[in-house]
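Notes for the one structure printed next.
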Amino acid sequence: MIGCDEPRRLGVPDREARLRFGTERREGGGRPGRRVLMVDGEPAFELSNWCGTCPLLFRRLVTGNKKLSLEVLRERLTGTPAEPGDGGVIDAFGALLPEGEYLPVLLRVEPRLVIPGQEGDYFSGEQVDTWGIDQFWGLPEYPHTPYYRTFETAVDASAHLYEFVVPMVPPTWNERERVEEYVELMRRGAVPTAVAVSTLDVCEPANAFGDDQSQHWGLTHFLLDGHHKLEAAATAGRPVRVLSLLALGEGLAGAEECARLPALRAQPRSARTAGA
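Start counting the sequence shown at 2; every next residue gets the next number (my numbering).
Now the structure itself:
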């Protein structure tokens, strides 16, 4: 972690926000429907269930097909902001978000691109170790998108923090020429900045289907800007900065858990040891 600012009020009324969080209605009432991240009024991602005992989830939906990059800030974000609030970037991206409290955190990450079901996949790895496979489908959860793994560390002996960067659209949609431009810049020492809106979900199984009964803290960064930069960094094996706007109150975590996040993110990286 490079720096952390104080929580601040950002955003616009829900009806004006291009990105917002919500819960779908179920026909006939009853329990709440899917918890979703919406872009321009359409559900883009299904998120972890409100119950808190279901597995951590970010699942791209068929209407998740838009990015929210601000081209006017492209040159500024190619450089290196000195602090989380540098250059008015927060206010510019805050205007895309629903009104609420956000914690700005500036991170330095070395992303690793993960394909679901392949090596390094959280959903078919650590999540299965804790929850087991889905009892109905007989399969691990499937996010319907490639994503980046960037960090993990112990919260305590029975809890672990996992960090993900999730592109709004898959890397195969990126422009090859722009990716190569960033690869070359990074190989010359540049560390550009991406911007994300983030959630913290704390999930713990109610039933013991896996071998490692532990609490999973999922810090998920949904990219607002930086799709080409993240792919370039993963390709070149180089670092990139992520300006995270953590949406306080939108994840499955309380105020005390969110307050612990900067200190946890400053810890050394460490993998989970089952039963540790």
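Beta carbons: idealized from backbone N, C-alpha and C, even for Gly.
Can you check whether the CB of residue j is closer than 9 Å to the CB of residue i?
i, j, result
"residue 150", "residue 163", "yes"
"residue 78", "residue 20", "no"
"residue 153", "residue 273", "yes"
"residue 104", "residue 5", "yes"
"residue 193", "residue 242", "yes"
"residue 197", "residue 170", "no"
"residue 62", "residue 44", "yes"
"residue 245", "residue 106", "yes"
"residue 2", "residue 248", "no"
"residue 60", "residue 47", "yes"
"residue 68", "residue 224", "yes"
"residue 240", "residue 109", "yes"
"residue 275", "residue 212", "yes"
"residue 231", "residue 172", "yes"
"residue 9", "residue 91", "yes"
Where do the ends of the beta strand (DSSP E) carrying residue i lie?
i, result
"residue 148", "148 to 157"
"residue 216", "216 to 226"
"residue 170", "Per DSSP, residue 170 belongs to no beta strand (DSSP E) and is neither H nor E."
"residue 203", "194 to 204"
"residue 25", "Element bounds for residue 25: n/a, residue is neither H nor E."
"residue 39", "36 to 40"
"residue 210", "Neither: residue 210 is in no beta strand (DSSP E) and is coded neither H nor E."
"residue 43", "43 to 48"
"residue 59", "59 to 61"
"residue 115", "113 to 115"
"residue 271", "No beta strand (DSSP E) holds residue 271; DSSP gives it neither H nor E."
"residue 244", "241 to 249"
"residue 11", "9 to 11"
In chain order, what residues of the same chain have a beta carbon less than 6 Å from the beta carbon of residue i, not counting five sequence neighbours either side?
i, result
"residue 125", "118 and 141"
"residue 56", "128, 132 and 142"
"residue 115", "121, 122, 148 and 150"
"residue 236", "184"
In the DSSP assignment, the alpha helix (DSSP H) including residue i goes from what residue to what residue?
i, result
"residue 257", "256 to 266"
"residue 130", "127 to 132"
"residue 76", "75 to 79"
"residue 100", "Residue 100 -> no alpha helix (DSSP H), and no H or E assigned at all."
"residue 184", "177 to 188"
Can you find the residues in the same chain that come closer than 8 Å, C-beta to C-beta, to residue i, ignoring five residues on each side of it along the sequence?
i, result
"residue 250", "101 and 102"
"residue 156", "162, 216, 218, 261 and 265"
"residue 18", "12, 97, 98, 99 and 100"
Under 8 Å by Cβ, that's how I've got residue i and residue j pegged, so tell me the actual separation to the nearest angstrom.
i, j, result
"residue 1", "residue 217", "Given a span of 2 to 277 for the chain in the structure shown, any question on residue 1 remains unanswerable."
"residue 37", "residue 25", "6 Å"
"residue 226", "residue 195", "6 Å"
"residue 207", "residue 54", "4 Å"
"residue 58", "residue 94", "The pair is not a contact, with the Cβ atoms about 24 Å apart (cut-off 8 Å)."
What does a CB cutoff of less than 7 Å around residue i pick up in its chain, not counting 5 residues either side in sequence?
i, result
"residue 233", "180, 183, 184 and 187"
"residue 263", "2, 5 and 106"
"residue 254", "201, 202 and 203"
"residue 23", "37 and 39"
Quick check: is the beta carbon of residue i nearer than 9 Å to any beta carbon in chain D?
i, result
"residue 139", "This model lacks chain D altogether; it includes just one protein chain."
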